[in-house]
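Chemist: Below is one structure. I have some questions about it.
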Amino acid sequence: MSEGGGWATRLGFILAAVGSAIGLGNIWRFPYQVHANGGGAFLIPYFAALVLAGIPVLLVEIWLGSETGLTTPLAIREKFEESEFLGWWAVLNGFIVNAYYVVILGWSAAFIVFAVTHGSELPTGDLFTAFKAFLTSWYPVAGVIVIWAVNYVILQLGVEDGLERANKLFVPFIWVLVILLAVRGLMLPSGLEGLEFYLTPDFGALTDPGIWIAAFGQIYFTLSVALGIMITYASYQPEGQDITNNAFIIAFANCGFAFLAGFAIFPYLVAADAAATDSIGLAFVVLPQAFQTIPFTPIVGAIFFLLLTLAGLSSSLSLAEAQVGPLRQKLDLGRTETVNAVALAGVALSLVIALEGPLGLLGEGEAVGQSLQLLGMFDTSSATYTLPMIALGETLIFGWVYGVGAFGGGQRIATAANAVSDFSIPPRVYAVVLQIVVPTALGYTIL
Ligand code: PHE
Ligand code: NA
Numbered sequence: 000m001s002e003g004g005g006w007a008t009r010l011g012f013i014l015a016a017v018g019s020a021i022g023l024g025n026i027w028r029f030p031y032q033v034h035a036n037g038g039g040a041f042l043i044p045y046f047a048a049l050v051l052a053g054i055p056v057l058l059v060e061i062w063l064g065s066e067t068g069l070t071t072p073l074a075i076r077e078k079f080e081e082s083e084f085l086g087w088w089a090v091l092n093g094f095i096v097n098a099y100y101v102v103i104l105g106w107s108a109a110f111i112v113f114a115v116t117h118g119s120e121l122p123t124g125d126l127f128t129a130f131k132a133f134l135t136s137w138y139p140v141a142g143v144i145v146i147w148a149v150n151y152v153i154l155q156l157g158v159e160d161g162l163e164r165a166n167k168l169f170v171p172f173i174w175v176l177v178i179l180l181a182v183r184g185l186m187l188p189s190g191l192e193g194l195e196f197y198l199t200p201d202f203g204a205l206t207d208p209g210i211w212i213a214a215f216g217q218i219y220f221t222l223s224v225a226l227g228i229m230i231t232y233a234s235y236q237p238e239g240q241d242i243t244n245n246a247f248i249i250a251f252a253n254c255g256f257a258f259l260a261g262f263a264i265f266p267y268l269v270a271a272d273a274a275a276t277d278s279i280g281l282a283f284v285v286l287p288q289a290f291q292t293i294p295f296t297p298i299v300g301a302i303f304f305l306l307l308t309l310a311g312l313s314s315s316l317s318l319a320e321a322q323v324g325p326l327r328q329k330l331d332l333g334r335t336e337t338v339n340a341v342a343l344a345g346v347a348l349s350l351v352i353a354l355e356g357p358l359g360l361l362g363e364g365e366a367v368g369q370s371l372q373l374l375g376m377f378d379t380s381s382a383t384y385t386l387p388m389i390a391l392g393e394t395l396i397f398g399w400v401y402g403v404g405a406f407g408g409g410q411r412i413a414t415a416a417n418a419v420s421d422f423s424i425p426p427r428v429y430a431v432v433l434q435i436v437v438p439t440a441l442g443y444t445i446l
């Protein structure tokens, strides 16, 4: 088995980082947020959040990995010995996120099969009841095993032969899939109406602080920061690679994809006159129902769930590698045994959630609710609370403690990044953003 050195090409790193960033959130969360938070007007707070809060932290992480050549906890330790724990906290949190993320990908993989086999004859009537029945079946358990098996093989192949090759395949392919769905959607009689539903701006909504908080709250998860991924991925590059331009490419590719996903969703919802919603209900209940009202249901459904599965798979791979890399480095282990350990622990935790459906260990009768509840609990604690806290920790350390004299750490980081990058950012502006803007936004999000 390859010991897995690093990325063979700059494109390999960029595609892997983009693959990590594009995930479930881009497809089932962002489009709904736009629709629910002022339509096209939401793009303004979102863009502000991206530039003022998301990219600054992404830049810290890519710089940190690039400059130290070390994975998350060790990279942080190299700069601040006492802060190694922050890195391990991120690693642990990534492990938890991945455990439930894989469960959802397992559902999605099962739905590819259902779309093909039952496409136009899904149960009519209350589809949520049908989804509940699905949750108590053994399909979710099978799904967890399939997704973890795919992850396992790719991770064992190493960074270049596994992660880089997988992302070079998956990432272009999901763009093709989302464009196909969008084009088909726009060709529906309801195509334009779908767009209006998605994007008609309500600028009055901008005075509502809730909309700004929604934008700033979503940006870290969507960019895959604060879970140790970007530091680890960046550390697999050769020395002296571009930092700033890569960060912008990754961020804009991620957000561009999210924007496109709305075109691939709203025309179908409007065609079926279905209620707009987000997350699990959108993907597994509302959209399958909407697809049934148009021709070629099985094909459209299969494309959607293939898109969801592959977009999520590249994120899940990155989440797992964020533990594999640091554990290998810290304990001086080979890739083979580290991947064995991470995958074994991961599949065990994913199975706790998936098995709750058919077995109902937490109590009788309520098994379905508990399976979803368990997942929701993991999601809220790790993604909603812990993730911004880790991001805040990183920002305080690198924005403040890493500074020299009166200037924030951002000044040192920007200067180092500018020295190797295709374009420059003003160091003092960046220093202030990192010291003031980012922690303020994060503080609000947490509270
Ligand atoms: N960024 C991914 C998404 O939008 C999810 C993810 C978060 C992946 C954190 C890795 C780390 O769905
Ligand atoms: Na994303």
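First residue of the sequence shown? That's 0 in numbering that gives the first Met the number 0, and the numbers climb one at a time after it.
Cβ atoms here follow ideal geometry from the backbone N, Cα and C, with glycine treated the same way.
Got a sec? Which residues, its chain only, sit under 6 Å from F94 by beta carbon, not counting five neighbours each side?
Modeler: Only Q322 meet the Cβ criterion.
Chemist: Using beta-carbon positions only, say whether Q155 and V338 come within less than 8 Å of one another.
Modeler: Against a cut-off of 8 Å, the Cβ pair of V338 and Q155 comes out as a contact.
Chemist: Under the DSSP definition of a beta bridge, which residues are partnered with V59?
Modeler: V59 pairs with nothing; no bridge assigned.
Chemist: Excluding the five sequence neighbours on either side, which residues of its own chain have a C-beta within less than 6 Å of the C-beta of I435, listed in chain order?
Modeler: None.
Chemist: Roughly how many whole angstroms lie between the Cα atoms of S1 and L10?
Modeler: Any reading at S1 must be qualified, since the residue scores a pLDDT of 35, below 50, and its modelled position is unreliable; the value itself is stated next. Roughly 21 Å between the two C-alpha positions.
Chemist: Under 8 Å by Cβ, that's how I've got L312 and F169 pegged, so tell me the actual separation to the nearest angstrom.
Modeler: L312 to F169, Cβ: 6 Å. Contact.
Chemist: Going by DSSP, name the residue or residues bridged to F406.
Modeler: In the DSSP output, where bridge partners are listed per residue, F406 has V403.
Chemist: Please confirm whether any heavy atom of the ligand NA lies closer than 7 Å to the CB of I21.
Modeler: Because some heavy atom of the ligand NA lies under 7 Å away, the Cβ of I21 counts as near it: yes.
Chemist: So what's E238 in DSSP terms, helix, strand or just coil?
Modeler: E238 falls in the coil class under three-state DSSP.
Chemist: Quick check on the burial criterion: 16 or more other C-beta atoms within 10 angstroms. Buried or exposed for V361?
Modeler: The residue asked about is misnamed: residue 361 is Leu in this sequence, not Val. Exposed, since its Cβ has fewer than 16 Cβ neighbours within 10 Å.
Chemist: Would you say L63 touches the ligand PHE, meaning its beta carbon is less than 7 Å from a heavy atom?
Modeler: No - the ligand PHE has no heavy atom lying nearer than 7 Å to the Cβ of L63.
Chemist: Go ahead and pull the three-state DSSP assignment for P294.
Modeler: DSSP places P294 in coil when its eight states are reduced to three.
Chemist: Does DSSP put V102 in a helix, a strand or coil?
Modeler: The answer is helix: DSSP assigns V102 an H, G or I state.
Chemist: Determine the burial state of T379: buried for a count of at least 16 other Cβ atoms within 10 Å of its Cβ, exposed for fewer.
Modeler: Under this definition T379 is an exposed residue.
Chemist: Cα separation between A489 and S381?
Modeler: With the chain running from 0 to 446 in the structure shown, residue 489 is simply not present.
Chemist: Apart from the five residues on each side of it in sequence, which residues of its chain come closer than 7 Å, Cβ to Cβ, to G77?
Modeler: In the sequence as presented, Gly is not what sits at residue 77; that position holds Glu. Counting only Cβ-Cβ distances below 7 Å, and skipping sequence neighbours, we find T67 and L69.
Chemist: Counting pairs of Cβ atoms below 8 Å between the stretch 298-312 and the stretch 174-182, do you hit three or more?
Modeler: A contact exists between the stretch 298-312 and the stretch 174-182.
Chemist: Does the beta-carbon of R427 have 16 or more other beta-carbons within 10 angstroms, so that it is buried, or is it exposed?
Modeler: Its Cβ having fewer than 16 others within 10 Å, R427 is exposed.
Chemist: In or out: L241 buried (at least 16 other Cβ within 10 Å) or exposed?
Modeler: As written in the sequence, residue 241 is Asp, which differs from the Leu given in the question. That one is buried.
Chemist: State buried or exposed for V152, treating a residue as buried only when at least 16 other CB atoms are found within 10 Å of its CB.
Modeler: With fewer than 16 Cβ atoms within 10 Å of its Cβ, V152 is classed as exposed.
Chemist: Relative to the ligand NA, is the shortest distance from any of its heavy atoms to the C-beta of T199 smaller than 7 Å?
Modeler: Incorrect: T199 has no Cβ contact closer than 7 Å to the ligand NA.
Chemist: In whole angstroms, what separates the C-alpha of V432 from that of L373?
Modeler: Using only the alpha carbons, I get a separation of about 37 Å.
Chemist: Which of the three DSSP states, helix, strand or coil, is assigned to A16?
Modeler: Looking at A16 - three-state DSSP - the assignment turns out to be helix.
Chemist: For S82, which three-state DSSP category applies?
Modeler: Correct three-state label for S82: helix.
Chemist: Just to confirm the assignment, what range does the alpha helix (DSSP H) spanning V182 have?
Modeler: Segment R164 to M186, the alpha helix (DSSP H) holding V182.
Chemist: Which value, in whole angstroms, describes the spacing of the CA atoms of P357 and V101?
Modeler: One C-alpha to the other measures close to 17 Å.
Chemist: Are the beta-carbon atoms belonging to I445 and M388 less than 8 Å from one another?
Modeler: In this structure, M388 lies closer than 8 Å to I445 by Cβ.
Chemist: Would you call the stretch 319-336 and the stretch 49-68 in contact, with 3 or more CB pairs under 8 Å?
Modeler: With the cut-off at 8 Å, the stretch 319-336 and the stretch 49-68 do not touch.
Chemist: Taking only heavy atoms of the ligand PHE into account, decide whether any of them is closer than 7 Å to the Cβ of F220.
Modeler: Yes, since a heavy atom of the ligand PHE falls inside the 7 Å radius drawn around the Cβ of F220.
Chemist: Report the residue from N417, V403 and P266 whose alpha carbon sits nearest the alpha carbon of F290.
Modeler: Cα-wise, what sits closest to F290 is P266.
Chemist: Looking at C-beta atoms only, is the number of pairs between the stretch 18-29 and the stretch 217-224 that lie closer than 8 Å three or more?
Modeler: The stretch 18-29, when compared against the stretch 217-224, does touch it at the 8 Å Cβ threshold.
Chemist: Under 8 Å by Cβ, that's how I've got T243 and L58 pegged, so tell me the actual separation to the nearest angstrom.
Modeler: Going by Cβ atoms, the distance from T243 to L58 rounds to 7 Å, so yes, they are a contact pair.
Chemist: If you reduce the DSSP assignment to three classes, tell me which class G3 lands in.
Modeler: The predicted position of G3 is uncertain, since its pLDDT is 46 and thus under 50; a value taken from the coordinates is nonetheless stated next. G3: coil per DSSP, three-state reduction.
Chemist: Which residues in the same chain as G3 place their Cβ atom closer than 6 Å to its Cβ, once the five residues preceding and following it in sequence are excluded?
Modeler: With a pLDDT of 46 at G3, under the threshold of 50, the modelled position of this residue cannot be trusted; read the value that follows with caution. Cβ within range, chain order: G157, V158 and R334.
Chemist: Just to check, is the beta-carbon of N166 closer than 7 Å to a non-hydrogen atom of the ligand NA?
Modeler: No; taking the cut-off as 7 Å, the Cβ of N166 has no heavy atom of the ligand NA nearer than that.
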